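Chains as they are written, first to last, in my numbering: chain A, 108 to 441; chain B, 108 to 441.
Glycine is no exception: its CB is placed at the ideal position from the N, C-alpha and C atoms.
Keep in mind it's a predicted model, so treat the numbers as computed, not measured.
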């Protein structure tokens, strides 16, 4: 197996990315192809313990910046680590991982690697790290969507959660502004109907955002605008609450002592609800596994994203998504 | 001043609602007109200390339930406490407070009391209780909106924050999926342009949801669908984090002792970020002040909503909203 890695993408690239790849090389059963400036990569490889037999370096001169227009990945910066990495994925790779620009990665994956047959729009699927992890898709790529897009994501999300996350019979919810089936815009009413009629989707119904932390679902479908608002607000609120908690603990000597007594539990709590424990966000619907690691990934987060890419590629979930969509199409024609 | 109160609306009605009104009667400079079943109201009034000279009772037989169609307030349940209360508001009242169905209250206020001249859609404006309180509108009533609706809400929200919340020069943000002006749907791009060009709106720009807890704005405008997702997720995440915190504290004897040491700070934190400290959500754009108290309001929350209604009525913010919209219309015609 060949996992292609964008060594230059992300806020902490290249050092933390390469360090994460070095750590991963000690456990993965795959070749990791680091794409980026050869001298920079080699200099960093020298710093961290790694399994040399599992690492290859592929030179790419350019770098896609976070504020670049996403289209540069296919026009303008085709010499970049992301663009070259996606080409290698298409030609001879099994998975791709990048912590670079989400927009560029989605555009590049769609245009250079192509969608699976039958997939209209690939979705970014973020895993919300609650007690029952929830795959939220789309979480930012597709701003305007159709009921059919949401239906496809119900399939792709269910298959990912089953194959890669080992959830036996994933339950799908529709993010909405109320639980009744008449709620939301015409998009939601129509999608509710479609999902209810699908015998092979385990549809729960509408889910209100207040219930996301205790979500009874494994997959939550929504348009990319709403998904982005929900994903980022979850992150923002966690950060705010943890920061407020810290200010409670540092208020006095007594409270500082209490902090020491609770330190382990608080660290456990942080780790448990840290999304990078699971890796990154798969872009579902692309013909090969593509993982978007968080922009601020450190070595640990990036290593987890690589391990996730390995599980995703091994699972053959992409084949199953294609088969499921073909079966649905055949059903509809009958 | 006459503040009309829906004594039968809300999860904890009538007891907690009437208790809140009794508490408020001891401080307000207004007559509180309790609308609902006379015998029930009188029975509850007997239980709680109140200023008799400030309370009137008005009998209404019916009750609007949470799952009733919102239209029953104008057709079908016109004998209900909410419907009769809105009639009294229109005829001879200065403000109205209800913890009943949001949909029915918005519909009833719009159709029975009417919008201010020039207002196309009244918005539900929820105050998010962060260090810098943020007025989020619309937070649920108007699912599909136009740039012009959002612009009007920028005005109404700014005037409310200035007049009622005493914020000197309120800053307005547009909730979006990125900070660049090209972000979002055509609605967002067009609204960004409109708000930028308004000399009398203090426009900050786009605000991402992750920044809501540290929002640099006093007013955040959005469509009612997105606003509802954001509002409820803020509530859901707070609840989730506080519950998780509790489980950390009750894990062991040591942690329980730490809890005792920190009890006061934790209670302060809860109170500080409890939206009911501010009262309820004003419905902005109606010709008279209407406050939607949270459905699960207890006496304290409902009392705060009554005090807020008093401040709102005293502020004459409704007159100012009408004047501001008329001035903008005149400007456009010139």
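query	result
Closer than 8 Å is the cut-off here; do at least three beta carbon pairs connect the segment 308-318 of chain A with the segment 334-345 of chain B?	yes
Between residue 272 of chain B and chain A, is there a C-beta pair that is closer than 9 Å?	no
So is residue 159 of chain A buried or exposed if we call it buried at 16+ other beta carbons inside 10 Å?	exposed
Compute the Euclidean distance between the alpha carbons of residue 391 of chain A and residue 242 of chain B, then round it to the nearest angstrom.	36 Å
Along the segment 244-265 of chain B, what residues have a CB closer than 9 Å to any CB found in chain A?	247, 250 and 251
Using C-beta distances below 8 Å, list every residue in its chain close to residue 274 of chain A, excluding the 5 sequence neighbours before and after it, in chain order.	268 and 325
Can you pull the chain A residues whose beta carbon is under 7 Å from the beta carbon of residue 403 of chain B, in chain order?	In chain order: nothing, as chain A lies at least about 12 Å away.
Going along chain B, which residues have a C-beta under 8 Å from residue 351 of chain A?	376 and 380
Using a 10 Å radius around the Cβ and a threshold of 16 neighbouring Cβ atoms, would you call residue 399 of chain A buried or exposed?	buried
Using only the alpha-carbon positions, how far apart do residue 437 of chain B and residue 306 of chain A sit?	58 Å
Out of A:165, A:369, A:184 and A:247, which one is the CA nearest neighbour of residue 139 of chain A?	A:165
Do you know how far the Cα of residue 186 of chain A is from the Cα of residue 161 of chain A?	24 Å
Which first and last residues belong to the alpha helix (DSSP H) in which residue 422 of chain B is found?	406-422
If we ignore side chains and look at the alpha-carbon of each, how far apart do residue 301 of chain A and residue 285 of chain B end up?	31 Å
For chain A, find out if any of its Cβ atoms is closer than 9 Å to the Cβ of residue 419 of chain B; answer yes or no.	no
In whole angstroms, give me the CA-to-CA distance for residue 127 of chain A and residue 425 of chain A.	25 Å
Unbroken alpha helix (DSSP H) runs of length 4 or more, entirely within the segment 200-243 of chain A: which are they?	209-215
Would you please verify whether the beta carbon of residue 312 of chain B is less than 9 Å from any beta carbon of chain A?	no
Please list the partners that residue 320 of chain A has in chain C, where partner means a Cβ-to-Cβ separation under 8 Å.	Judged by its chain identifiers, the structure shown contains no chain C, and its protein chains are A and B.
What three-state label does DSSP hand residue 245 of chain A in the structure shown?	coil
For residue 309 of chain A, return the contacting residues in chain B, with the cut-off set at a CB-CB distance below 8 Å.	Going along chain B, no residue has its Cβ under 8 Å from residue 309 of chain A, so there is no contact; the nearest lies around 23 Å.
Here's the rule I'm using: 16 or more other beta-carbon atoms within 10 Å means buried, otherwise exposed. How should residue 322 of chain A be labelled?	buried
Identify whether residue 138 of chain A lies in helix, strand or coil by the three-state DSSP scheme.	strand
Which residues bound the beta strand (DSSP E) around residue 163 of chain A?	162-166
Which runs of the alpha helix (DSSP H) at least 4 residues long sit entirely within the segment 354-413 of chain A? Give them in chain order.	360-379
Helix, strand or coil for residue 308 of chain A? Go by DSSP, reduced to three states.	coil
Using a beta-carbon distance below 9 Å, is residue 155 of chain B in contact with chain A?	no
Hey, is residue 139 of chain B's beta-carbon within less than 9 Å of any beta-carbon in chain A?	no
Under a three-way DSSP split, which group does residue 516 of chain A fall into?	Because chain A spans 108 through 441 in this model, residue 516 of chain A falls outside it and cannot be assessed.
Do residue 428 of chain A and residue 262 of chain A have their CB atoms nearer than 9 Å?	yes
Quick check: the Cα distance between residue 118 of chain B and residue 125 of chain B, rounded to an integer number of angstroms?	13 Å
Once you ignore the five residues that flank residue 258 of chain B on each side, which residues in its own chain have a CB closer than 6 Å to its CB?	301
Assuming residue 181 of chain B and residue 171 of chain B make a contact with CB atoms under 8 Å, what is their CB distance in whole Å?	Incorrect: roughly 11 Å between the Cβ atoms, too far for contact.
Sorted by chain position, which residues of the same chain lie with C-beta nearer than 7 Å to residue 345 of chain A's C-beta, five sequence neighbours on each side aside?	380
Can you find a CB in chain B that lies within less than 9 Å of the CB of residue 331 of chain A?	yes
Residue 331 of chain A and residue 248 of chain A look like a contact to me (Cβ under 8 Å); what is the Cβ gap, rounded to whole Å?	5 Å
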